[in-house]
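Working notes, beginning with the structure itself.
In the working numbering, the protein residues as written are 4 to 323.
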């Protein structure tokens, strides 16, 4: 039986955060069950009209069984995207025209029968910050706007004077700010809103600041509509951002049946749109973000291969 081949579209491998990277760990688990894994960057995918298909300049990846930062790569090979059974689009944001162009090229592979995770169309149709609004029962109030006046009204009323403002195309807490209104700083905050929206041009998301963030933000990783891994991200003492790059620590977390039901209900609906991998951020029982570009599986305890082995087994079944 021919081996199942996977292509991982990632950032340059030498730039990855090896202690926390999920892509290489998924690839390692797939190799352990006999699949082959290749890597390339978005800039290594092209379309030549004379060939009528997209191709990738890809390298076969061989990673150490214990340490994903130790790897070897075969020489670059020019391979049609249809050479692979599955393509994993795992490039980190920013979500810009380069990213979108890559999804257009991956569309051709999906139409030819290659399983692309997550679906290129879904990556265009679902924004990580905006997709939460499709599930109003699972979220707190929020406002997407370019209007500083609308944001100021939301800050005063719905957010009770304390809110976070987020860009729509970044990740890992980049660009997120907290706005706390007082009698003395309203003019200063309004000026900030003007700057953040580029004078009413750029969209932002505003959400009430939830002080329960200091108790921790839950990260849930789902695959195929099922919750695979849970952990609690505790912000650093002098920071409200629960991101590891901002100093957050990871702790074990045991979800309630209600939380499992909520997450898997949403993940199941998004799976129907072609979104196989998801990373949910949950604060105080409410979903604050749904990460779908390159969601990271975070583990609080010593690294276990079990979640990745489970993912590999699921993929093997889905691709058989």
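Beta carbons: idealized from backbone N, C-alpha and C, even for Gly.
Please list the terminal residues of the continuous alpha helix (DSSP H) segment that includes residue i.
| i | result |
| --- | --- |
| residue 70 | Element bounds for residue 70: n/a, residue is neither H nor E. |
| residue 6 | Neither: residue 6 is in no alpha helix (DSSP H) and is coded neither H nor E. |
| residue 173 | Looking at the DSSP string, residue 173 is not in any alpha helix (DSSP H), and its letter there is neither H nor E. |
| residue 124 | 123-128 |
| residue 321 | 309-322 |
| residue 19 | Unbroken run through residue 19: none, as it is neither H nor E. |
| residue 34 | 26-35 |
| residue 192 | 189-199 |
The beta strand (DSSP E) with residue i in it runs from where to where?
| i | result |
| --- | --- |
| residue 225 | 220-226 |
| residue 282 | 280-286 |
| residue 165 | 165-169 |
| residue 75 | 74-76 |
| residue 118 | 118-120 |
| residue 183 | 180-183 |
May I ask you to list the residues that DSSP assigns as paired with residue i?
| i | result |
| --- | --- |
| residue 50 | 57 |
| residue 233 | 223 |
| residue 148 | 207 |
| residue 12 | 43 and 92 |
| residue 62 | 42 |
| residue 290 | 285 |
Ordered along the chain, which non-local residues of its own chain (more than five positions away) have a Cβ less than 7 Å from that of residue i?
| i | result |
| --- | --- |
| residue 181 | 167, 212 and 243 |
| residue 279 | 120, 121, 226 and 227 |
| residue 6 | 37, 38 and 39 |
| residue 25 | 299 and 300 |
| residue 173 | 96 and 97 |
| residue 130 | 171 |
| residue 132 | 169, 171, 208 and 292 |
| residue 21 | 71 and 72 |
| residue 147 | 133, 206 and 208 |
| residue 215 | 286 and 287 |
| residue 250 | 239 and 242 |
Suppose the cutoff is 8 Å on Cβ atoms and the five residues either side in sequence are ignored; what does the same chain contact list for residue i look like?
| i | result |
| --- | --- |
| residue 78 | 62 |
| residue 125 | 273, 276, 277, 278 and 295 |
| residue 14 | 44, 94 and 95 |
| residue 76 | 16, 42, 62, 63, 64 and 65 |
| residue 192 | 155, 158, 182 and 184 |
| residue 197 | 151 and 203 |
Taking 6 Å as the limit between beta carbons, can you name the residues of its chain near residue i, skipping five residues before and five after?
| i | result |
| --- | --- |
| residue 233 | 223, 256 and 258 |
| residue 269 | 138 |
| residue 210 | 145 and 167 |
| residue 327 | Absent from the model: residue 327. The displayed extent of the chain is 4 to 323, so no value can be given. |
| residue 303 | 234, 253, 254 and 255 |
| residue 164 | 184 |
| residue 285 | 221 |
| residue 175 | 246 and 248 |
With a threshold of 7 Å between beta-carbons, can residue i be considered close to chain B, or not?
| i | result |
| --- | --- |
| residue 169 | Here there is only one protein chain, and chain B is not present. |
Check your understanding: Can you list, in chain order, the stretches of the beta strand (DSSP E) that have 3 or more residues and sit fully within the region 232-276?
Key -> Here the runs fully enclosed are 252-255.
**Study point:** Complete beta strand (DSSP E) runs within the region 78-116 (minimum length 3 residues, chain order)
**Key:** Qualifying beta strand (DSSP E) stretches, in chain order: 80-83 and 89-92.
Practice item. Tell me, please, whether the region 248-256 touches the region 193-209 by the rule of three or more beta-carbon pairs shorter than 8 Å. Key: Segments in contact, no.
**Study point:** Touch test, the region 137-152 against the region 305-323, Cβ-Cβ under 8 Å, three pairs minimum
**Key:** When C-beta atoms of the region 137-152 are compared with those of the region 305-323, fewer than three pairs fall below 8 Å, so the two segments do not count as touching.
Review point. Can we say the region 182-193 touches the region 259-268, given the rule of at least three CB pairs closer than 8 Å?
Key: Put simply, the region 182-193 does not touch the region 259-268. Fewer than three CB pairs are less than 8 Å apart.
Practice item. Decide if the region 104-113 is in contact with the region 74-89; the criterion is three or more beta carbon pairs, one per stretch, under 8 Å apart. Key: A contact exists between the region 104-113 and the region 74-89.
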